[in-house]
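Worksheet: the structure to be examined is printed underneath.
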Amino acid sequence: MADDIARRTALKCMAFGAGTVFALSGGIPVSFPLAEAASPKHAGAKPLFVQISDSHIGFNKDANPDVDGTLARVAAVINDMPAQPAFILHTGDITHLSKPDEFDRARQILKGLRTSELHTTPGEHDVIDQGRVYFDGFGKESGGKGYYSFDSGGVHFAALINVLDFKQGGLGALGADQLAWLADDLSGRAASQPVVVFAHMPLWTIYAPWGWGTSDADAAFALLKRFGSVTVLNGHIHQIVQKVEGNMTFHTARSTAYPQPVAGTADAPGPLKVPPEKLAGMLGLTSVSLRRHAAAITLADRTLA
Amino acid sequence: MLRRLAVFVFVAAALSGAASAQDTTVTIKSFKFMAMDVAVAPGSTVTWVNDDEEPHTVTSETGLFASGGLDTGQKFSYRFEKPGVYKYRCSIHPQMTGTVTVK
Chain C
1 MADDIARRTA
11 LKCMAFGAGT
21 VFALSGGIPV
31 SFPLAEAASP
41 KHAGAKPLFV
51 QISDSHIGFN
61 KDANPDVDGT
71 LARVAAVIND
81 MPAQPAFILH
91 TGDITHLSKP
101 DEFDRARQIL
111 KGLRTSELHT
121 TPGEHDVIDQ
131 GRVYFDGFGK
141 ESGGKGYYSF
151 DSGGVHFAAL
161 INVLDFKQGG
171 LGALGADQLA
181 WLADDLSGRA
191 ASQPVVVFAH
201 MPLWTIYAPW
211 GWGTSDADAA
221 FALLKRFGSV
231 TVLNGHIHQI
241 VQKVEGNMTF
251 HTARSTAYPQ
261 PVAGTADAPG
271 PLKVPPEKLA
281 GMLGLTSVSL
291 RRHAAAITLA
301 DRTLA
Chain A
1001 MLRRLAVFVF
1011 VAAALSGAAS
1021 AQDTTVTIKS
1031 FKFMAMDVAV
1041 APGSTVTWVN
1051 DDEEPHTVTS
1061 ETGLFASGGL
1071 DTGQKFSYRF
1081 EKPGVYKYRC
1091 SIHPQMTGTV
1101 TVK
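Going line by line, the protein sequences match chains C and A. First residue of the first sequence? That's 1 in our numbering, and the numbers climb one at a time after it. First residue of the second sequence? That's 1001 in our numbering, and the numbers climb one at a time after it.
If you want it as structure tokens, here you go:
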């Protein structure tokens, strides 16, 4: 127990700036800076997947007039990784206005990735038309529903959608059908199998006045509680916020397009204009690794700076 | 002749729904519908204008009307014929809500 507390304390050391890594070992996170990720003591780490988010292809305002360019730069950073991840995960807001040409441009840019396997979940910007275009393209994998699961590297992945049925106050929602599907999807799985759950809007309430949460996510967490290692990923807020609760680690991703204000520091969420030289440091990706022998999951955030 | 003209005007007003029908504009700015609540007479047209850098939508809670994505400067209009309280929100930022009361 004393050991547990010491490890939890170590999590506080995660704010290393541009690159930070934390490992989830039996549900207890330990952290170390990205610069150390290649050192022999972390040699067990294997890149499992890379998460990118909030590319907003079609956005052309001052906060970033070249969102195509910054997404391409993120792709180049991934291509330069010494070991390629098994797949790329995009946690939504691929486009800005759900337009077919925006989806097409995103697809063209993502085709430049050396890793061809791509899994997505839509953001509210991708389903302005209730997902008509999204489900015909990027969302085909989910059979028009938005939720689906797959396994990779011994880890179980569940893609959730929380942007189609907003509740009072603007929080996202999963809905009864999806929760029933998740219960079925998880039933019978060994509690020792690491689980990664991802959605676009935060599944945990970060800031309700801006709708940064999911109204019925607690029902999903109840289903996930018995697993020894659960990682919950999302986008939407264009900045990193993380917390650890029991065996569950929550992590939000940076955008590939533009930053947003810290919760409650502005009248409203929305594109945050920063000096051009500061933009790259606020955009980036999350690299997630699995340390097989320690049954650990490792996340590393990188910016474009 | 004057009397006949007066009758004609009266009938025309009655046919158009209400003599007091008036068009109203709601500006979308800083993630808010302004005004958030508007009251109009039956037959009035409400026009929403997106004055934000972010796209927004005007989406009826009941599915009666849906603007689709409105980029900066784009407009959407809907004519309200029947009395009632019409709630709507932005489907991209659902914390943004508004009401049109027709009476």
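Ideal placement from N, C-alpha and C gives every residue a C-beta, glycine not left out. What you are looking at is a predicted structure, and each value in this text was computed from that prediction instead of being measured.
Per DSSP, residue i is paired with what?
i: residue 302 of chain C; result: C:285
i: residue 248 of chain C; result: C:230 and C:245
i: residue 1029 of chain A; result: A:1032
i: residue 1087 of chain A; result: A:1099
i: residue 85 of chain C; result: The partner list for residue 85 of chain C (beta bridge, DSSP) is empty, contrary to what the question assumes.
i: residue 155 of chain C; result: C:152
i: residue 1037 of chain A; result: A:1099
i: residue 308 of chain C; result: Outside the displayed span of chain C (1 to 305) sits residue 308 of chain C, for which this structure offers no information.
i: residue 169 of chain C; result: Residue 169 of chain C pairs with nothing; no bridge assigned.
i: residue 1060 of chain A; result: A:1088
Take the Cβ of residue i as the centre, count every other Cβ of all protein chains shown within 10 Å, and call the residue buried at 16 or more, exposed below.
i: residue 271 of chain C; result: buried
i: residue 331 of chain C; result: Examination of residue 331 of chain C is not possible in this model, given that chain C is present from 1 through 305 alone.
i: residue 111 of chain C; result: exposed
i: residue 256 of chain C; result: buried
i: residue 1022 of chain A; result: exposed
i: residue 243 of chain C; result: exposed
i: residue 102 of chain C; result: buried
i: residue 192 of chain C; result: exposed
i: residue 1032 of chain A; result: buried
i: residue 75 of chain C; result: buried
i: residue 100 of chain C; result: exposed
Which whole-angstrom value describes the C-beta separation of residue i and residue j, a residue pair presumed to lie in contact below a C-beta threshold of 8 Å?
i: residue 1095 of chain A; j: residue 209 of chain C; result: 7 Å
i: residue 51 of chain C; j: residue 97 of chain C; result: Contact doesn't hold; Cβ gap of about 23 Å is too wide.
i: residue 123 of chain C; j: residue 54 of chain C; result: 7 Å
i: residue 235 of chain C; j: residue 252 of chain C; result: 7 Å
i: residue 1069 of chain A; j: residue 1057 of chain A; result: 6 Å
i: residue 247 of chain C; j: residue 264 of chain C; result: Incorrect: roughly 29 Å between the Cβ atoms, too far for contact.
i: residue 159 of chain C; j: residue 152 of chain C; result: About 12 Å; that fails the 8 Å criterion.
i: residue 79 of chain C; j: residue 113 of chain C; result: 6 Å
i: residue 223 of chain C; j: residue 182 of chain C; result: 6 Å
i: residue 62 of chain C; j: residue 273 of chain C; result: 5 Å
i: residue 240 of chain C; j: residue 301 of chain C; result: 6 Å
i: residue 66 of chain C; j: residue 57 of chain C; result: Contact doesn't hold; Cβ gap of about 11 Å is too wide.
Can the beta-carbon of residue i be found less than 8 Å from the beta-carbon of residue j?
i: residue 138 of chain C; j: residue 94 of chain C; result: yes
i: residue 171 of chain C; j: residue 220 of chain C; result: no
i: residue 258 of chain C; j: residue 60 of chain C; result: no
i: residue 1037 of chain A; j: residue 1098 of chain A; result: yes
i: residue 1080 of chain A; j: residue 1040 of chain A; result: yes
i: residue 200 of chain C; j: residue 121 of chain C; result: yes
i: residue 1102 of chain A; j: residue 1055 of chain A; result: no
i: residue 1086 of chain A; j: residue 1044 of chain A; result: no
i: residue 125 of chain C; j: residue 1092 of chain A; result: yes
i: residue 289 of chain C; j: residue 47 of chain C; result: yes
i: residue 164 of chain C; j: residue 213 of chain C; result: no
i: residue 299 of chain C; j: residue 286 of chain C; result: yes
i: residue 1048 of chain A; j: residue 1029 of chain A; result: no
i: residue 233 of chain C; j: residue 91 of chain C; result: yes
Please state the DSSP three-state secondary structure of residue i.
i: residue 1079 of chain A; result: strand
i: residue 132 of chain C; result: helix
i: residue 42 of chain C; result: Only weak support exists for where residue 42 of chain C lies, its pLDDT of 47 falling under 50; the coordinates are left without a value.
i: residue 161 of chain C; result: coil
i: residue 269 of chain C; result: coil
i: residue 17 of chain C; result: Only weak support exists for where residue 17 of chain C lies, its pLDDT of 29 falling under 50; the value from the coordinates is given anyway. Residue 17 of chain C falls in the coil class under three-state DSSP.
i: residue 79 of chain C; result: helix
i: residue 26 of chain C; result: Summary for residue 26 of chain C: the model assigns pLDDT 38, below 50, so the residue's position carries little reliability; its value from the coordinates is reported in the next sentence. Coil at residue 26 of chain C, not helix or strand.
i: residue 120 of chain C; result: strand
i: residue 90 of chain C; result: strand
i: residue 67 of chain C; result: helix
i: residue 179 of chain C; result: helix
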